[in-house]
Structure formats: C-alpha cells, structure tokens
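Asker: Following this message is one structure expressed as structure tokens.
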Amino acid sequence: MDAIKAALRAGNKPEALEMYRDYFKTELGDAQTAIEQIEYNLKFETVAVQPDVEKPTSAEPAAPAASRSNVALMASEPAPKGKIPAWVWGCVAAFILLCCVCVLLPALFYALLQNFSFS
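If you use the working numbering, the sequence shown corresponds to residues 2 to 120, in order.
What follows is the structure in structure tokens.
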C-alpha cells in the first residue's frame, strides 16, 4: 500500500493503478474507484515535519526524572505495621468537616431561629 501511495504522490496514477490491480486482483473499474479514494485521502494525510532547529540541550536535564514504573512502585508499597498512612487521616478529617457543615451547622441555625422571633 505504501508503494501505491508513493506512486500517487509522485503523480504516477497509471502505475499506482497497475500495482493495485496486481496486488488485489480486481477489475479495472474497482481499482480506479479505490485509487481515486486513496488519492483523495492522501490530501488529508499529514507528513511528519522535521524541525529546522535542533532541540536545545537545556531541554534535556542531566538527571532523568523518576519513571512512571518507579512512582507506581513507591505508591503501592504497604505502610509499616502499626502506622496509619497519612491519607487515612486526611479522609477522617474531611469526613468530620463534612458532618459539621452538613449536620451540626444547620441544626444549630435551626435551633437559633426557633428561639428568635421576627416581630
């Protein structure tokens, strides 16, 4: 298929047609339709462009950063026995804060408004 595309890019449609017919063993009409479709699709293909300027050496740090596999290994290590991980304390604090905001605070406002008259 690459040879057919190369022939079409070079403007040699008859050669591309012959290559297509030889490879896929199709009739002339089917091959012409397929070649026209391939030619149409070539208009929208992007070609990898090589940059004119080399990448500066400052873009490549001397020491490589931790790879994803190392980070995943560090994150999956179990906590030492008897020690609760820090994320558990964060979840507990978030739950207590949620309870205060959603339960205790409205209950306090309700109790205050029951004892207060607007007259």
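Just so it is clear, CB atoms sit at the ideal spot from N, CA and C, and this is done for glycine as well. Note that this is a predicted model, so its numbers are computed, not measured.
Candidates Trp-88, Lys-44, Glu-55: which alpha carbon is nearest Arg-10's?
Answerer: Measuring from the Cα of Arg-10, the nearest candidate turns out to be Lys-44.
Asker: Would you kindly work out how many angstroms separate the C-alpha atoms of Phe-110 and Val-93, rounded to a whole number?
Answerer: Roughly 25 Å between the two C-alpha positions.
Asker: Run the CB neighbour count on Ile-5, radius 10 Å, all protein chains shown included, and call it buried at 16 or more, exposed below.
Answerer: Buried is the call here.
Asker: Within this structure, are the beta carbons of Gln-33 and Leu-18 separated by less than 8 Å?
Answerer: Cβ distance < 8 Å, so Gln-33 and Leu-18 count as in contact.
Asker: Considering Asn-42, what are the terminal residues of the alpha helix (DSSP H) in which it resides?
Answerer: Unbroken alpha helix (DSSP H) run through Asn-42: 29–43.
Asker: Hey, Met-20 and Ala-8 are a contact pair by Cβ (cut 8 Å); roughly how many whole angstroms apart?
Answerer: That belief holds up - the Cβ atoms of Met-20 and Ala-8 are roughly 6 Å apart, short of 8 Å.
Asker: Taking the continuous alpha helix (DSSP H) assigned at Gly-91, which residues delimit it?
Answerer: Run containing Gly-91: 87–100, per the alpha helix (DSSP H) assignment.
Asker: Does DSSP put Glu-16 in a helix, a strand or coil?
Answerer: In the structure shown, Glu-16 sits in a helix (DSSP, three-state: H, G or I).
Asker: Note down the Cα distance separating Tyr-41 from Glu-55, rounded to an integer number of angstroms.
Answerer: Answer to the nearest angstrom: the Cα atoms are 34 Å apart.
Asker: How is Lys-84 classed by DSSP in three states: helix, strand or coil?
Answerer: Looking at Lys-84 - three-state DSSP - the assignment turns out to be coil, as it is neither helix nor strand.
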